[in-house]
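Peer 1: All residue numbers for the sequence shown refer to my numbering, where the first residue is 12 and numbers rise by one. After the structure tokens below, expect a handful of questions from me.
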Amino acid sequence: MKISVIIPTFNRGNLIGDTLQSILNQTYPNWECIVVDDGSTDNTNQVVNSFIAKDARFSFYKRPENRLKGANACRNFGFEKSKGDIINWLDSDDLFASNHFEIHLEQHKNNEVDCVVSKAKTFESKPEETSGFWSNVVPKSQPWNDMICGRISWATPTVTWKINSLESKPFCEKLQSSQEWFFHTSMLLNNVSFKIIDINTIFVRRHEERIGKSESPQKFLSRFSSRLTIYKSLKSDKKLNNHLEFHLFRVMLNALKKSAFHGYLSNVFLMSFPLLRYGIISIYWKPLYRAILFGTPVYFIFKKGETFFKLEEHV
């Protein structure tokens, strides 16, 4: 079985060398690594090309001009170029353990599943100096339920996928944040089969330049729209309940609050209307309407009013 590793990158010349070296160090040899650049202006190109010169299993592409900027478009474009039986996306600042491919492919061969999930640990400067697990990966109830409620979370590099389990564009290219949560939640709602292994095979780098640390209007809107899409899907499939509504509305309200705090007026309008529409038929309509009609203008002007956005679960 051949494994295709797909790496989106943007201005990671100082880090991507370690990432590519962790692929070169793999004990399993049948792989290809596809790096897709999102318009870097640093020395990322030179670093990647130095690895291509060492090993023909590496390849390098630029995100096409007609594709949206962002990691998701790069992930999808790399997927289109892949030739492997197993797909594995990796971020350009994270690392594989040297036996990552070997462990995952053994599970794929021995189990009829769509994906295999391992664990990830976090580190700052040296992978051997880890600071704990990235997240819990083992569900205790329905997997999609636990994902929505934040009881589990799968880091993108920890999951390897059989190619026939994936759609032509697995990642939503409009999202600038929450794409990991949205992708895995959507796949679990589609009843993908999986095997979880109790082994750490990924090292997630913690640093100040990590994309998840940014607070842009696009990030808040993506966080909101990803939850809204899942909300509408659950409602359509008659899987929505008060518990799931609480967790989805809570994240959406938080995105609205932060948008108001930062003065992102267009975000406030885009978020308010669907909350008003779906809120009116929800058990949570009172706190939702209070947050939108009173909390948002107060927070927008005075940067105060946390109590307006409080949402308590109905049990």
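Where a beta carbon is used, it is the ideal one built from N, C-alpha and C, also for glycine.
Can the beta-carbon of arginine 216 be found less than 8 angstroms from the beta-carbon of phenylalanine 134?
Peer 2: Looking up residue 216 in the sequence shown gives position 205. Looking up residue 134 in the sequence shown gives position 123. Their beta carbons are under 8 angstroms apart, which means arginine 216 touches phenylalanine 134 by this criterion.
Peer 1: By how many angstroms is the C-alpha of asparagine 252 removed from the C-alpha of leucine 259?
Peer 2: Within the sequence shown, residue 259 is the residue found at index 248, counting from 1. Within the sequence shown, residue 252 is the residue found at index 241, counting from 1. When rounded, the distance between both Cα atoms is 11 angstroms.
Peer 1: Under three-state DSSP, which class holds phenylalanine 21?
Peer 2: Residue 21 sits at position 10 when you count from the first residue of the sequence shown. Note: phenylalanine 21 maps to coil in three-state DSSP.
Peer 1: Let's see if you can read the secondary structure: which residues bound the beta strand (DSSP E) around glutamate 43?
Peer 2: Here residue 43 is taken as the residue at index 32 of the sequence shown, counted from 1. Note, glutamate 43: beta strand (DSSP E), 42 to 48.
Peer 1: Is cysteine 183 near the ligand GDP, going by C-beta to nearest heavy atom under 7 angstroms?
Peer 2: The ligand GDP is not among the ligands present in this structure, which contains no ligands whatsoever.
Peer 1: In terms of residue numbering, what span does the alpha helix (DSSP H) encompassing valine 148 cover?
Peer 2: Position 137 of the sequence shown, counting from 1, holds the residue named residue 148. Neither: valine 148 is in no alpha helix (DSSP H) and is coded neither H nor E.
Peer 1: Here's the rule I'm using: 16 or more other beta-carbon atoms within 10 Å means buried, otherwise exposed. How should phenylalanine 112 be labelled?
Peer 2: As a first step, residue 112 is located in the sequence shown; it is residue number 101 there, counting from the start. It counts as buried.
Peer 1: Please identify the residue among Thr38, Ile27, Glu226 whose C-alpha is closest to the C-alpha of alanine 266.
Peer 2: Counting from one through the sequence shown, the residue named residue 266 turns up at place 255. When each option's Cα is compared against that of alanine 266, the closest is Glu226.
Peer 1: For isoleucine 163 versus valine 149, is the C-beta spacing smaller than 8 angstroms?
Peer 2: The residue labelled residue 163 in the question sits at position 152 within the sequence shown. The residue labelled residue 149 in the question sits at position 138 within the sequence shown. For isoleucine 163 and valine 149, yes; Cβs fall inside 8 angstroms.
Peer 1: For histidine 115, which residues in the same chain have their Cβ closer than 6 angstroms to its Cβ, ignoring the five residues on either side in sequence?
Peer 2: One-based indexing of the sequence shown puts residue 115 at position 104. If we look at histidine 115 and ignore the five residues flanking it on each side, its Cβ neighbours are Val127, Thr171.
Peer 1: Per DSSP, what are the beta-bridge partners of lysine 73 in this structure?
Peer 2: Here the question's residue 73 lines up with position 62 in the sequence shown. Asp48.
Peer 1: Please report the distance separating the alpha-carbon of phenylalanine 88 from that of lysine 185.
Peer 2: Within the sequence shown, the letter at position 77 stands for residue 88. Within the sequence shown, the letter at position 174 stands for residue 185. The alpha-carbon atoms of phenylalanine 88 and lysine 185 are separated by roughly 14 angstroms.
Peer 1: Would you call the stretch 198 to 205 and the stretch 82 to 101 touching, i.e. three or more CB-CB distances under 8 angstroms?
Peer 2: No: fewer than three Cβ pairs fall under 8 angstroms.
Peer 1: If you run the structure through DSSP and keep just helix, strand and coil, what is serine 136?
Peer 2: On the sequence shown, residue 136 is found 125 positions in, with the first residue counted as 1. Reduced to three states, the DSSP call for serine 136 is coil.
Peer 1: From which residue to which residue does the alpha helix (DSSP H) around aspartate 29 run?
Peer 2: Taking the sequence shown and counting its residues from 1, one reaches residue 29 at position 18. 27 to 35 is the extent of the alpha helix (DSSP H) around aspartate 29.
Peer 1: Please report the straight-line C-alpha distance between glutamine 187 and glycine 81, rounded to a whole angstrom.
Peer 2: Residue numbering aside, residue 187 sits at position 176 when the sequence shown is read from its first letter. Residue numbering aside, residue 81 sits at position 70 when the sequence shown is read from its first letter. Their Cα atoms are separated by approximately 7 angstroms.
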